[in-house]
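Under this note's numbering, think of the first position of the sequence shown as 548, with each following residue one higher.
Glycine is no exception: its CB is placed at the ideal position from the N, C-alpha and C atoms.
Only one structure is covered here, and it is reproduced in the block below.
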Amino acid sequence: MEKTSGGVTAAKGYQAAATAAGIKYQGRTDMAMVYSEVPAAVAGTFTTNVFKASPVIWDRDIVKGSGSAQAIVVNSGIANACTGEEGDRYCRMTADAAAEALGIKADAVLLGSTGVIGMQLPIDKMQAGAKKLATLLASDIDAGTQAAQAIMTTDTHKKEVAYTFTVGGKTATIGGMAKGSGMIHPNMCTMLAYVTTDAAIAQPMLQKALSEIVVDSFNMISVDGDTSTNDTLLVLANGMAGNEKITAEGADYEAFYAALKEVCTYLAKEMAADGEGATKLVESIVEGADTKEHARILAKSVICSSLTKAAMYGCDANWGRELCALGYSGVQFDPMKVEMYFKSGDTTMLIFKDGAGVDYSEEEASRLLSNDHVQIISKMNMGTESATAWGCDLTYDYVKINADYRS
């Protein structure tokens with residue numbers, strides 16, 4: 548497996564485009580399209596929030612129904628969530644417009660929206676934007692990058708990545724783009740993420756891989772503890788790499804699985820690091836837990852702690868906050884066995900051991916925590932399982948951004 552340039556257009560047979568449809572923002576692109584030259588198998592995971600946005604329901608029905616799609620249309624600025632039957636109808640009308648322009652069926656068009664909840668989409672602009680996007684499609688790397696930029700809301704930069712890998716003796720590529728900066732606390736994936744691959748894989752195996760991988764990638768990040776109404780992760784596989792179709796577990800499935808996991812983990816970390824107002828990526832690593840599930844719970848409990856996140860912003864080695872987060876996680880463990888370390892780069896500092904804090908330099912600890920990537924390592928010494936969760940610090944700017952988000 549090797550990292551390569553690009554995102555959703557890196558794999559064979561994919562095109563993308565972006566346009567300024569004027570959905571909510573002015574002076575920037577706000578609609579994107581991803582198109583596969585041939586029908587592709589599609590897998591997806593979606594928000595567990597009871598209030599599901601209209602495009603989430605639309606996409607879920609396609610994934611559970613035909614399991615095949617050929618295009619994705621995404622807008623930023625307005626979420627089309629909590630918009631009733633009118634929002635559902637606007638999904639159909641947008642898909643119809645895109646389908647007509649592309650010469651495909653409407654149920655081959657997946658949809659995504661992100662932005663303010665409760666506002667109705669300007670459907671005339673959505674339809675016009677979908678039709679214009681179809682005329683702008685291109686397969687170069689820049690087209691994919693423009694699409695990644697168009698779906699941003701409060702993100703400070705585009706998020707995309709691509710890898711090549713070998714499967715069945717053929718070189719395949721997998722690439723993706725994502726957006727997410729706030730309202731991130733997923734229980735499936737997070738916000739909007741789209742992955743494309745030219746590998747040939749049966750839809751049930753594609754869904755199996757995706758459902759497993761989100762557990763240790765997108766499901767292990769948190770910015771603010773809020774699960775969105777619009778969370779969507781979709782993967783398209785068009786088979787144009789020419790490998791024998793993956794229909795069961797084995798070496799080919801493992802190669803594909805590893806590549807998909809790499810893309811999902813990369814995009815998840817990018818979102819965590821770009822949390823609204825964030826100044827650093829915070830990584831919670833739990834080692835030596837008794838079960839894998841307990842390791843996940845412990846790691847995420849630390850990353851979700853608002854007090855921990857605030858201390859990370861202040862570069863304050865207030866390790867009692869991390870210990871409290873472990874203690875109220877619901878997982879039972881022996882506190883006398885716990886060791887805690889702070890790490891950044893090549894510097895690792897022991898903070899807590901044998902039930903008490905150790906002698907360390909507050910000045911050195913503060914300097915370590917001032918870096919833009921900090922790890923909190925909790926060694927439970929109860930077993931052999933481990934897990935990692937990702938988040939960011941909690942800053943004044945987070946409140947400023949969300950206090951007037953609608954305006």
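H920 burial status per 10 Å Cβ neighbour count (16 or more: buried) = With a 10 Å radius around the Cβ and a threshold of 16 neighbouring Cβ atoms, H920 comes out exposed.
* **Simplified DSSP state of E801, which is helix, strand or coil** => Three-state DSSP puts E801 in a helix.
- List the endpoints of the continuous beta strand (DSSP E) containing L897. It spans T894 to K900 - the beta strand (DSSP E) in which L897 sits, taken as one unbroken run.
| task | Could you tell me which residues DSSP pairs with Y888 in its beta bridges? | result | The partner list for Y888 (beta bridge, DSSP) reads L897 and I924.
Residue of D799, L916, F765 and T551 minimising C-alpha distance to G722: G722 has its Cα closest to that of T551, out of D799, L916, F765 and T551.
To the nearest angstrom, report how far apart G797 and A697 are at their CA atoms.
Linking G797 to A697 through their CA atoms gives a straight-line distance of about 38 angstroms.
Tell me whether Y875 sits in a helix, a strand or coil according to DSSP, three-state version. Of the three classes helix, strand and coil, the one that applies to Y875 here is coil, per DSSP.
S933, DSSP secondary structure in three states: Strand.
Legend entry - When S831, F880, T743 and E840 are compared against K808, the one with the closest alpha-carbon: Nearest neighbour of K808 by Cα position, chosen from S831, F880, T743 and E840, turns out to be T743.
Rounded to a whole number of angstroms, what is the C-alpha to C-alpha distance between Q667 and N949? Cα to Cα, Q667 sits roughly 20 angstroms from N949.
Requested in this report: List the endpoints of the continuous beta strand (DSSP E) containing V581.
Outcome: Where V581 is concerned, the enclosing beta strand (DSSP E) stretches over M578 to F593.
Which of helix, strand or coil DSSP assigns to Q562: The answer is strand: DSSP assigns Q562 an E or B state.
By the 10 Å Cβ neighbour count, where 16 or more other Cβ atoms means buried, how is K947 classified, buried or exposed? Label assigned to K947: exposed.
Once you ignore the five residues that flank A529 on each side, which residues in its own chain have a CB closer than 8 angstroms to its CB? In this structure the chain extends from 548 to 954, so residue 529 is not present and cannot be described.
Item checked: Beta-carbon spacing of L658, A616 below 8 angstroms -> Between L658 and A616, the C-beta spacing is not below 8 angstroms.
Next on the checklist: Tell me the rounded alpha-carbon separation between T692 and Y741.
Outcome noted: Cα-Cα distance, rounded: 13 angstroms.
At least three beta-carbon pairs within less than 8 angstroms, the region 823–831 to the region 583–599 = They do not touch, by the three-pair rule.
(message) Using only the alpha-carbon positions, how far apart do G569 and D763 sit?
(response) Each residue's alpha carbon lies about 37 angstroms from the other.
| query | In angstroms, rounded to a whole number, what distance separates the CA positions of K559 and V833? | reply | Spanning the two alpha carbons is a distance of roughly 39 angstroms.
Considering only the beta carbon of each residue, do V885 and M859 sit closer than 8 angstroms? Not closer than 8 angstroms, so no.
(Q) Tell me the rounded alpha-carbon separation between D906 and F899. (A) Distance from the CA atom of D906 to the CA atom of F899, rounded to whole angstroms, is 9 angstroms.
Specify whether the region 575–583 and the region 674–684 touch according to this definition: at least 3 beta carbon pairs, one from each stretch, less than 8 angstroms apart. Yes, since at least three Cβ pairs between the region 575–583 and the region 674–684 fall closer than 8 angstroms, the two stretches touch.
>> Comparing C-alpha positions only, which one of K755, Q922 and A645 sits nearest to D893?
In response: Closest option to D893, Cα to Cα, is Q922.
Next item on the list: Could you have a look at T776 and say whether DSSP puts it in helix, strand or coil?
Entry: In the three-state DSSP reduction, T776 falls in the coil class, being neither helix nor strand.
Own chain, CB closer than 6 angstroms to E817, minus 5 neighbours either side, in chain order: Cβ neighbours of E817 beyond the five flanking positions: K706.
Taking the straight line between their C-alpha atoms, what separation do you get for I688 and Y888? Put simply, the backbone Cα of I688 is about 41 angstroms away from that of Y888.
Please classify Q573 as buried or exposed, where buried requires at least 16 neighbouring CB atoms within 10 angstroms. The residue in question, Q573, is exposed, as its Cβ has fewer than 16 Cβ neighbours within 10 Å.
Checklist entry - Apart from the five residues on each side of it in sequence, which residues of its chain come closer than 7 angstroms, Cβ to Cβ, to T566? => result Once the five neighbours on either side are set aside, the close Cβ partners of T566 are T576, M578, G676, K679, L680 and L683.
Cβ pair count under 8 angstroms reaching 3, the region 633–653 against the region 600–613 = Cβ pair count under 8 angstroms is three or more, so yes.
Cβ-heavy atom distance between E932 and the ligand SAM below 7 angstroms? What this structure holds is no ligand at all, so the ligand SAM is not there to describe.
Notebook entry, point to check: Between S913 and S891, what straight-line distance do the alpha-carbon atoms span, to the nearest angstrom?
Noted result: Approximately 11 angstroms between the Cα atoms of the pair.
Let me confirm a value: M673 is counted as buried when at least 16 other C-beta atoms fall within 10 Å, else exposed. Which label applies? So M673 counts as buried.
- request: Have a look at the DSSP bridge pairing and note the partners of T980.
  value: It is not possible to answer for residue 980, since the shown part of the chain is limited to 548 through 954.
#### Entry: Beta-carbon contacts of A709 that lie in its chain and below 8 angstroms, excluding the five residues immediately before and after
So the qualifying residues of the chain are K550, T551, S552, G553, G554, A557, A558, T720, I721, G722, G723 and V810.
Can you give me the start and stop residues for the beta strand (DSSP E) that Q617 sits inside? Here the beta strand (DSSP E) through Q617 covers S615 to I625.
Item to check | Distance, A903 Cα to T776 Cα | outcome: When the Cα atoms are used, T776 and A903 turn out to be separated by approximately 42 angstroms.
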